[in-house]
Amino acid sequence: MFVPTRLTLVSGLKWVDEVIPNAPYEITEEFMNTLFSKYNIDYIIHGDDPCLLPDGTDAYALAKKAGRYKQIRRTEGVSSTDIVGRILQTFKHKEGVNENAGVESCDQMKTQLSNFLPTSRRIMQFSNGQAPSPGARVVYIDGAFDLFHAGHVEILRSARQLGDFLLVGVHDDQSIREKRGYPPIMHLHERTLGVLACRYVDEVIIGAPLEVSRDMITTFNISLVVHGTVVEGGSASEVDPYALPKSMGIFQVVTSPKTITSVSVATRIIDNHEAYKKRNLKKKASEDKYYTQKKFVYGD
1 MFVPTRLTLV
11 SGLKWVDEVI
21 PNAPYEITEE
31 FMNTLFSKYN
41 IDYIIHGDDP
51 CLLPDGTDAY
61 ALAKKAGRYK
71 QIRRTEGVSS
81 TDIVGRILQT
91 FKHKEGVNEN
101 AGVESCDQMK
111 TQLSNFLPTS
121 RRIMQFSNGQ
131 APSPGARVVY
141 IDGAFDLFHA
151 GHVEILRSAR
161 QLGDFLLVGV
171 HDDQSIREKR
181 GYPPIMHLHE
191 RTLGVLACRY
201 VDEVIIGAPL
211 EVSRDMITTF
221 NISLVVHGTV
231 VEGGSASEVD
241 PYALPKSMGI
251 FQVVTSPKTI
261 TSVSVATRII
271 DNHEAYKKRN
281 LKKKASEDKY
291 YTQKKFVYGD
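Written out as structure tokens, the structure reads:
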């Protein structure tokens with residue numbers, strides 16, 4: 001993924017105040033001093049999962065030695081190693097991503113590898129927890145939001161600029177499979193947290209229907225329904241899911257600022273299949289060790 005794309009993704013997170021581009025993986029003494037003097041950083045933070053350099057040493061050793069390191073609990077069950085593994089087994093052919101390939105293996109991978117256990121408290125930690133104010137212009141946009149990426153951030157930013165409150169519908173796994181012909185890489189609740197983490201999103205409908213109904217428009221007081229110009233997969237149904245808002249004159253097509261798709265992200269990984277395969281074999285050992293040795297974390 002290109003650096004500007006990653007910057008867009010990270011800066012779009014609701015908890016991020018500033019992004020430092022081209023930061024080194026290893027916390028060197030020079031970079032550590034820059035953090036303390038230029039950016040007035042108090043502590044360097046990392047999750048409780050291991051972060052090792054190629055030679056096996058701790059990437060945060062100097063920060064720990066300086067007494068300026070703090071460790072936090074990682075988001076339980078969420079892992080890039082897991083997700084890369086799903087992609088590698090789902091789309092096996094390096095020549096390109098076949099939208100109908102690997103459907104059964106994908107289902108198996110999600111069952112075997114996902115350690116994510118959604119709870120209401122977890123979802124609330126990501127949620128703004130606020131309803132739209134009276135008279136607010138509520139904008140609605142829906143989609144799969146699989147492998148949440150910079151393209152998603154930009155279209156959500158564009159949608160939010162059209163109103164006061166952005167409501168996002170995240171389709172369930174089965175609906176996506178029926179529409180695309182293959183299931184999403186990430187589960188509904190994983191995709192929901194990805195969307196909720198975006199600073200432009202106010203609320204999410206978890207498992208939103210494909211078709212925008214009158215009841216939905218009334219229940220959520222939707223003023224405008226929008227849809228981007230970048231769409232993944234076709235639909236076997238001839239029913240226009242936006243027929244009603246179009247007939248009501250409250251539908252608008254928004255030009256997607258980026259052409260990135262979940263498939264294009266997956267394709268980049270497939271194009272570097274061997275490198276990612278080696279990466280995952282090494283990371284998987286650390287991942288397995290983490291889950292074997294982990295202690296009680298609920299409530300932290």
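Numbering (the UniProt record's numbering), first residue to last: 1 to 300. Even for Gly, the Cβ is constructed at its ideal location relative to N, Cα and C. As the structure is a computational prediction, the values presented were derived from the model and not from experiment.
Beta carbon of residue i nearer than 8 Å to that of residue j
i: Leu166; j: Val195; result: no
i: Ile269; j: Leu88; result: yes
i: Leu9; j: Val204; result: no
i: Leu193; j: Val265; result: no
i: Ala136; j: Asp164; result: yes
i: Ile41; j: Ile27; result: no
i: Val168; j: Phe220; result: no
i: Ile155; j: Gly67; result: no
i: Leu162; j: Val212; result: no
i: residue 301; j: Ile250; result: In the structure as shown, the chain begins at 1 and stops at 300. Residue 301 is therefore absent and cannot be evaluated.
i: Leu13; j: Arg191; result: no
i: Ala144; j: Ile176; result: yes
i: His171; j: Pro118; result: no
i: Gly56; j: Arg73; result: no
i: Lys258; j: Ala150; result: yes
i: Met32; j: Ala63; result: yes
Buried or exposed by the 16-neighbour rule on C-beta atoms within 10 Å, applied to residue i
i: Gly102; result: Any reading at Gly102 is ruled out, since the residue's pLDDT is 40, under 50, leaving its predicted position unreliable.
i: Ser262; result: buried
i: Tyr25; result: exposed
i: Pro183; result: buried
i: Met186; result: buried
i: Glu95; result: Confidence at Glu95 is low in this model, with a pLDDT of 43, below 50, so its placement is unreliable and no value can be given for it.
i: Arg86; result: buried
i: Met248; result: exposed
i: Val239; result: exposed
i: Asp142; result: buried
i: Asp82; result: buried
i: Tyr242; result: buried
i: Tyr39; result: exposed
i: Ile260; result: buried
i: His53; result: Looking at the sequence provided, one finds Leu at residue 53 rather than His. So Leu53 ends up on the exposed side.
i: Ser79; result: buried
i: Arg160; result: buried
i: Arg214; result: exposed
i: Met124; result: exposed
i: Thr90; result: buried
Coil, strand or helix - residue i by DSSP
i: Gln161; result: coil
i: Val10; result: helix
i: Gln71; result: strand
i: Ser247; result: helix
i: Ser223; result: strand
i: Leu147; result: coil
i: Arg191; result: helix
i: Gln130; result: coil
i: Val263; result: helix
i: Val153; result: helix
Start-to-end residues for the alpha helix (DSSP H) that takes in residue i
i: Glu203; result: Premise fails: Glu203 lies in the beta strand (DSSP E), Glu203 to Ala208, not in any alpha helix (DSSP H).
i: Ser213; result: No alpha helix (DSSP H) holds Ser213; DSSP gives it neither H nor E.
i: Gly56; result: No alpha helix (DSSP H) contains Gly56, which DSSP labels as neither H nor E.
i: Gly85; result: Ser80 to Thr90
i: Thr119; result: Looking at the DSSP string, Thr119 is not in any alpha helix (DSSP H), and its letter there is neither H nor E.
i: Lys38; result: Premise fails: Lys38 is in no alpha helix (DSSP H) and is neither H nor E.
i: Lys64; result: Ala61 to Lys65
Element boundaries [beta strand (DSSP E), containing residue i]
i: Asp142; result: Val138 to Gly143
i: Ile45; result: Ile44 to Gly47
i: Gly181; result: Where Gly181 is concerned, there is no enclosing beta strand (DSSP E), given that its DSSP letter is neither H nor E.
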